[in-house]
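Just so you know, the sequence shown maps onto residues 47 to 515 in this note's numbering.
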Amino acid sequence: MQKNRAMRHLLAFAAALLIAVIGFMPKAAWAEAATVGGTPYDTVSEAIEKAPDGGTVTLSDDARDIVVPEGRTLTIDLNGQNVTAVNNHAITNNGILTIVGTGTVDGGSVSGKGAIYNSPGSTATLNGGTFTGNTWYVIKNLGSMTINAGFSLVQNDAGSSAIDNGYYGNPSNDCGVVRPQSAEVTLTIKGGTFSGGMNTVKNDDFGVLEISGGDFSNTNGPTVLNWHRATISGGTFTVNAASTGVLANGYLSENADAGQLTITGGTLTVSDSGVLFTYPQGASKGGSIDVKGGTFKGALVNPHDDNYPSVPSISGGTFDVDVSGFLAQGVQQNEDGSVAEIPVIAMIGEREYPSLEAAVAVVRPGETIVLAQDAVIKQCLVVGQDNVTIDGAGHTITAADDVAENGGQTSLVTVTGQGFTIKDAKLVGTADTKHVLNIWCAGRASIEDVTLDHSASGVGARYHQQDRC
47 MQKNRAMRHL LAFAAALLIA VIGFMPKAAW AEAATVGGTP YDTVSEAIEK APDGGTVTLS
107 DDARDIVVPE GRTLTIDLNG QNVTAVNNHA ITNNGILTIV GTGTVDGGSV SGKGAIYNSP
167 GSTATLNGGT FTGNTWYVIK NLGSMTINAG FSLVQNDAGS SAIDNGYYGN PSNDCGVVRP
227 QSAEVTLTIK GGTFSGGMNT VKNDDFGVLE ISGGDFSNTN GPTVLNWHRA TISGGTFTVN
287 AASTGVLANG YLSENADAGQ LTITGGTLTV SDSGVLFTYP QGASKGGSID VKGGTFKGAL
347 VNPHDDNYPS VPSISGGTFD VDVSGFLAQG VQQNEDGSVA EIPVIAMIGE REYPSLEAAV
407 AVVRPGETIV LAQDAVIKQC LVVGQDNVTI DGAGHTITAA DDVAENGGQT SLVTVTGQGF
467 TIKDAKLVGT ADTKHVLNIW CAGRASIEDV TLDHSASGVG ARYHQQDRC
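Written as structure tokens, this is what we have:
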């Protein structure tokens, strides 16, 4: 009896010891690390090896230092797990990789290692996950990468950019790869959230960057630093007063650092003390910033800095400050802040004019002004040259509600020259215009197919002929 009791104590002790040992064993030794098509595998590397081309490796547990070999096409489903850089990048892609699902991919605390490294010739598509870092780039791309909605990035290291797209120029920052004489490294961002870093996105040597969506923010530096070729057509970009600017553009050489930045859309916002555009240290004169669209809130550049490598040229977009000093030829800034092509309202021969007033101001004797579209005049017209013709071409000439008098004249159109002709037009006055058409001493004045509308006012008449000079 005593012997049986001792045996039971021994068995209980052995069971407790086994449970304790299992509790201290690495998870990978007793639990599956990943599955492929429902089949469990003890390690992620084994799952990747066994996965069919185009297959999905679904993580079942936290992982570290995942490597996708060259020639493989795979999807990794994070499945709520965490991947951490320990001895290498958290994920190294040498093949064709798609990442989906929720979970965290962390660059850890290893110097020179990131959350994901996409090697030259490789392709990565990031459709999910939260990517973080605190000692180096969160993402290093030397291949082709696309980032979509569902992706999130946070860089906690203000001394490093969050994303580096392209070559830095030395192997230690380029994952051991020697910078080539030419290359094309592409990063396409269609959505996601991005925050932090010295620069949130750095488009480095040979980098080709396209941003059409996403939310970008930074409290230390620009949301985007471009050294080569970048296009922004959408997304929101916001920095606070501590940042030097929302976007930075630098130029060094046409080959690798062409400094070509084109903006056709998106919303860019800076605090009251910041600027929208700035430049990086060491940049040379050259490159271009072409603004063709978008919404911009804040000062454009530092007005006291004349060292900009490339000064913005604006042909479109909406601004809450005066940008007249940066407008491209043929555009104007409207009262609502929008920048658009200067409309062609009238023509004299092949000469184009943005308003009927501008054409009347320069018309010469014997010339014909032809309307290209309806005209709204803000100052009463006075035609003083002889033998001038206004051909309405079926369009309407209307007085603005606040039309101003011109040299004491308050009629919509006043003619003081001889031999005036107006044809194929409709003239519409307002309460502020005494007459729609007022002819002074123009004995050979001709009115052909013209409608005069002065119904807005009971004062004066549609037409007045002054008999004596």
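All C-beta atoms, glycine included, are put in the ideal place defined by N, C-alpha and C.
For G100 and V90, I'd like the C-alpha separation in whole angstroms.
16 Å
How big is the Cα-Cα spacing for N295 and Q127?
38 Å
Looking at the strands, I want to know which residues DSSP matches up with Y163.
T138 and K186
To the nearest angstrom, report how far apart G362 and D210 are at their CA atoms.
29 Å
Are A79 and A109 touching if we call contact CB-CB under 8 Å?
yes
Looking at V406 and A445, is the spacing between their C-beta atoms short of 8 Å?
no
Do you know how far the Cα of H500 is from the Cα of V482?
6 Å
Starting from E92, trace the beta strand (DSSP E) in both directions and tell me its first and last residue.
From DSSP, E92 is part of no beta strand (DSSP E) but of the alpha helix (DSSP H) over V90 to K96.
Opening and closing residue of the alpha helix (DSSP H) in which E494 lies:
Counting along the chain, E494 falls outside any alpha helix (DSSP H), though it belongs to the beta strand (DSSP E) covering S492 to D499.
Identify every residue that forms a DSSP beta bridge with N216.
DSSP lists no partner for N216.
With which residues is L473 paired in a DSSP beta bridge?
I443 and L498
Given this structure, state the Cα-to-Cα distance separating A229 from V390, to the nearest angstrom.
44 Å
Report the three-state DSSP secondary structure of V408 (helix, strand or coil).
helix
Rounded to the nearest angstrom, what separates T192 and V409 at their Cα positions?
57 Å
Specify the secondary structure class of S263 as computed by DSSP and reduced to three states.
strand
Please classify D495 as buried or exposed, where buried requires at least 16 neighbouring CB atoms within 10 angstroms.
exposed
Just verifying my parser: in three-state terms, what is the DSSP assignment at S13?
Given that the chain is displayed from residue 47 to residue 515, the structure contains no residue 13 and the question cannot be resolved.
At the level of alpha carbons, what is the spacing between S330 and Q455?
56 Å
Span separating the alpha-carbon of T232 from that of L188
8 Å
Could you say which of N140, G149, G412 and I443 lies nearest to N173 if we only look at CA atoms?
G149
Below 6 Å CB to CB, which residues in the same chain sit around S401 once its five sequence neighbours on both sides are set aside?
I391
Determine the DSSP secondary structure at I68, reduced to helix, strand or coil.
Only weak support is given to the placement of I68: the predicted model assigns it a pLDDT of 43, under 50, and the value that follows is read from those uncertain coordinates. Here I68 sits in helix by DSSP.
Using the rule of at least 16 other Cβ atoms within 10 Å of the residue's Cβ for burial, across every protein chain shown, is Q201 buried or exposed?
buried
Looking at the structure shown, is L402 part of a helix, part of a strand, or coil, going by DSSP?
helix
Can you tell me where the beta strand (DSSP E) holding P358 begins and where it ends?
P358 to F365
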